[in-house]
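In the UniProt record's numbering, the protein residues as written are 1 to 106. All residues carry an ideal CB built from backbone N, CA and C; glycine is no exception. These numbers were taken from a predicted model, which means no experiment stands behind them. Below is one structure, written out as structure tokens, with a few remarks after it.
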């Protein structure tokens, strides 16, 4: 049984992450679309941010970022290269606040 979203055909589904990969062909081009549901991550991040003030200790998670955003924003590359200043700037940017799990500055 094939599943379609309009003209897009579902070719892969990961039940653990909810990621879906869709395929579309117009006989000239093959196009793939990857969808990542992020509402659960955003809800969890918000809940973590609310309870962050209650935590004590040396270690605290500061962000939860989907892999697609991690790669497309160059955050993964900066982290891999040890560019802590760029990573901090990205995490402290208000546009990326929804990925933070705690308040304050990194």
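Outcome for residue 63 when other beta-carbon atoms lying within 10 angstroms are tallied against a minimum of 16:
buried
Report task. Alpha carbon to alpha carbon, how far is residue 80 from residue 73? Give it in angstroms, no decimals. Result -> 13 angstroms
What did DSSP end up calling residue 19 once you bin it into helix, strand or coil?
-> coil
Item to complete: Can you check DSSP and say which residues form a bridge with residue 34?
Response: 21
request  = Could you spell out where the beta strand (DSSP E) holding residue 8 opens and where it closes?
outcome  = 8-13
- prompt: If you count every other CB in all the chains shown that lies within 10 Å of the CB of residue 65, and 16 or more means buried, which is it?
  reply: buried
Q.
Applying the 10 Å Cβ sphere with the 16-neighbour rule, what's the burial state of residue 71?
A. exposed
C-alpha gap between residue 8 and residue 15, whole angstroms: 19 angstroms
Worksheet entry | residue 2 in three-state terms, based on DSSP | coil
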